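Quick note on my numbering: the sequence shown kicks off at 2 and runs consecutively.
Cβ coordinates follow ideal geometry from the N, Cα and C atoms, glycine included.
Remember, predicted model here, so these are calculated numbers, not experimental data.
Working notes, structure below.
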Amino acid sequence: MDLLTVLVLNLIFILLTTFAFQYILVIRFTNLYMKFPKFLISLLSTIQILFCISFPMTGNENFIFDLRLIPVVVGGLYGGPIVSIILFVVVVLARIPIGGSGVWVNFFNMLTVTVFISYISIRFRAFSLTKKLYTVFGIALCYSILIFLMKGEIFKDPSNLSFMLIYGLTLTIGILIVTYYIEIIRQNYFLQNAVIKTDKIEVVSHLAASVSHEVRNPLTVTRGFLQMLKDPSIEEEKRLYYLNTAIDELDRAEMIIKDYLTFAKPHSDIASSILVKEEIEKALELILPYANHFSVKIQRDLATGLTITGEVSKFHQCILNIIKNGIEAMPNGGDLFISTRERENGFASIVIKDTGCGMSPAQIDKLGEPYFSTKAEKGTGLGMMVVYKIIHEMGGSVEVMSIPGEGTQFTISLPLHHT
Ligand code: ADP
Ligand code: MG
Numbered sequence: 002m003d004l005l006t007v008l009v010l011n012l013i014f015i016l017l018t019t020f021a022f023q024y025i026l027v028i029r030f031t032n033l034y035m036k037f038p039k040f041l042i043s044l045l046s047t048i049q050i051l052f053c054i055s056f057p058m059t060g061n062e063n064f065i066f067d068l069r070l071i072p073v074v075v076g077g078l079y080g081g082p083i084v085s086i087i088l089f090v091v092v093v094l095a096r097i098p099i100g101g102s103g104v105w106v107n108f109f110n111m112l113t114v115t116v117f118i119s120y121i122s123i124r125f126r127a128f129s130l131t132k133k134l135y136t137v138f139g140i141a142l143c144y145s146i147l148i149f150l151m152k153g154e155i156f157k158d159p160s161n162l163s164f165m166l167i168y169g170l171t172l173t174i175g176i177l178i179v180t181y182y183i184e185i186i187r188q189n190y191f192l193q194n195a196v197i198k199t200d201k202i203e204v205v206s207h208l209a210a211s212v213s214h215e216v217r218n219p220l221t222v223t224r225g226f227l228q229m230l231k232d233p234s235i236e237e238e239k240r241l242y243y244l245n246t247a248i249d250e251l252d253r254a255e256m257i258i259k260d261y262l263t264f265a266k267p268h269s270d271i272a273s274s275i276l277v278k279e280e281i282e283k284a285l286e287l288i289l290p291y292a293n294h295f296s297v298k299i300q301r302d303l304a305t306g307l308t309i310t311g312e313v314s315k316f317h318q319c320i321l322n323i324i325k326n327g328i329e330a331m332p333n334g335g336d337l338f339i340s341t342r343e344r345e346n347g348f349a350s351i352v353i354k355d356t357g358c359g360m361s362p363a364q365i366d367k368l369g370e371p372y373f374s375t376k377a378e379k380g381t382g383l384g385m386m387v388v389y390k391i392i393h394e395m396g397g398s399v400e401v402m403s404i405p406g407e408g409t410q411f412t413i414s415l416p417l418h419h420t
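Here it is as structure tokens:
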């Protein structure tokens with residue numbers, strides 16, 4: 002194979018595996034990734050190094066050319082010093098069976114690279130995108146020059162100059178593409194997570210007013226009973242009744258606050274199995290004060306025993322966002338229906354239906370776009386975007402049907418949890 006074919010093949014392999022790694026592990030199975038990040042990065046880079054060394058361009062009996070530098074550098078920078086040292090061992094050992102004086106050249110070059118990367122990797126994460134790109138660019142450039150100087154004497158004729166140029170250029174461009182690519186994927190992901198947090202803070206503050214209102218009722222009732230208990234002539238039976246009612250009311254207030262705080266608290270980001278009925282009931286409990294405030298009656302028909310997979314707190318956030326929109330669509334009161342059932346295709350469906358203002362087709366089209374809101378300063382236009390993002394993350398889909406003036410129906414489909 003000629004040099005360019007080899008380098009392109011190397012690069013495609015590195016890009017594809019990096020892409021799969023970022024999308025599948027870092028984004029979809031974040032928990033797994035978070036448990037063993039160093040191990041997984043080392044594993045990915047090792048596979049890439051072995052591939053590169055297995056499909057090289059043979060310069061002469063002593064030297065081979067490939068893009069093994071890319072996984073060594075990228076893996077080391079993102080994985081940290083320990084990963085960098087592991088990759089050093091891998092790249093040195095993997096080069097030995099091929100033999101030739103290149104084994105030693107590889108050893109010294111990689112040692113230099115590893116020392117530098119171990120040092121810089123501690124700070125690398127905090128670099129800006131431009132600084133990251135400059136860093137990898139610098140490393141690839143220095144490495145190419147190093148190789149050129151060390152192997153220079155074997156390239157006596159001028160055609161070798163173009164050989165080295167192609168090699169150096171592909172290496173430099175390749176490492177820039179891979180780094181850029183990782184950064185873009187990560188930035189998108191973290192940006193979306195930041196939006197989910199912003200939306201949650203928004204919901205929390207919206208609910209706060211109605212929650213505190215709802216808590217005031219039991220407190221007022223309790224106060225009234227306590228007042229009456231002051232009267233010494235009160236019968237024993239009545240006294241007991243007042244006391245019990247006061248305690249019940251306080252319990253209710255406590256429960257409302259507890260639910261609210263559970264939702265408001267920052268969540269732990271751990272996916273687990275979710276009992277659909279139970280969790281929807283918790284969300285309904287939480288939104289009840291808000292619904293009462295708008296005189297909205299919530300009716301439910303929830304199937305028992307449905308289980309899905311995901312992060313409970315994010316699931317609550319979705320359900321709350323949709324119900325909250327439904328309530329807000331009925332400012333003068335109305336009915337909201339929520340029902341769940343199991344479908345034949347291994348999915349659970351959750352239907353949330355309101356009898357509110359509805360949406361025009363143009364509005365439905367815009368639903369889920371960031372900052373699309375018809376509620377002026379009362380809306381953020383983040384709620385539905387977050388819903389779509391979370392449901393897609395959980396492997397599900399959202400369907401909307403709406404008739405202006407009549408109401409809106411959201412249908413969420415989510416894959417059932419397999420045990
Ligand atoms: P926000 O509620 O902050 O406006 P959302 O992303 O939650 O942002 O909703 C975006 C827009 O979609 C709302 O402003 C509203 O116009 C429309 N919308 C969402 N749900 C409903 C609904 N159930 N009925 C009518 N309009 C809705
Ligand atoms: Mg909303």
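Could you check whether residue j and residue i sit closer than 9 Å to each other, using their CB atoms as the reference points?
i      : j      : result
ILE351 : ILE288 : no
PHE411 : ILE353 : yes
THR47  : PRO72  : yes
THR31  : ASP200 : no
LEU78  : VAL137 : yes
ALA195 : THR223 : no
ALA330 : GLY359 : yes
ARG344 : SER414 : yes
LYS315 : ILE197 : yes
SER274 : ILE323 : no
SER129 : ILE86  : no
SER374 : GLY335 : no
ARG253 : PRO219 : yes
TYR190 : LEU70  : no
ILE148 : VAL106 : yes
Closest to residue i by CA distance: which of the options is it?
i      : options                        : result
LEU227 : LEU244, PRO38, GLU238          : LEU244
ILE54  : LYS39, VAL93, THR19, PHE191    : VAL93
LYS325 : GLU343, GLU378, ILE392, HIS207 : HIS207
PRO371 : TYR24, LEU192, SER314          : LEU192
PRO98  : GLY357, LEU112, PHE64          : PHE64
PRO332 : SER314, ASP355, HIS393         : ASP355
PHE20  : TYR181, LEU70, ALA209          : TYR181
LEU16  : GLY311, ILE183, SER145, PRO38  : ILE183
LEU68  : LEU51, LYS379, SER398          : LEU51
ILE42  : ILE28, MET58, LEU88, PRO57     : LEU88
LEU368 : PHE37, MET165, GLU400          : GLU400
THR59  : VAL91, VAL90, GLN23, LEU5      : LEU5
LEU10  : ILE258, MET165, LYS36, PHE56   : PHE56
GLU250 : TYR261, LYS231, ALA95, VAL216  : VAL216
GLY169 : GLU312, ALA292, LEU8, ALA304   : LEU8
GLN49  : VAL104, LEU172, ILE25, GLY76   : GLY76
THR305 : MET402, CYS319, VAL277, GLY311 : VAL277
ALA127 : GLN188, THR171, GLY396         : GLN188
GLY357 : VAL387, ALA363, SER403         : SER403
Which residues does DSSP list as the beta-bridge partners of residue i?
i      : result
LEU276 : THR308
PHE411 : ILE353, VAL401
ILE339 : ARG301, ILE353
THR59  : ILE65
PRO416 : PHE348
Should residue i be listed as close to the ligand ADP, given that the test is whether its C-beta is under 8 Å from any heavy atom?
i      : result
GLN364 : yes
GLU236 : no
LEU285 : no
ASP355 : yes
ALA209 : no
CYS319 : no
ILE351 : no
ILE323 : yes
ALA330 : yes
MET360 : yes
SER340 : no
THR375 : yes
SER213 : no
THR409 : yes
MET402 : no
LEU368 : yes
MET386 : yes
May I ask whether a heavy atom of the ligand MN can be found less than 8 Å away from the beta carbon of residue i?
i      : result
GLY382 : Absence of the ligand MN from the depicted structure is noted, with the ligand ADP and the ligand MG being the only ligands included.
Practice task
Let me have the residue list for the ligand MG: C-beta closer than 5 Å to any non-hydrogen atom, ordered along the chain.
Solution key: ASN326, GLY384
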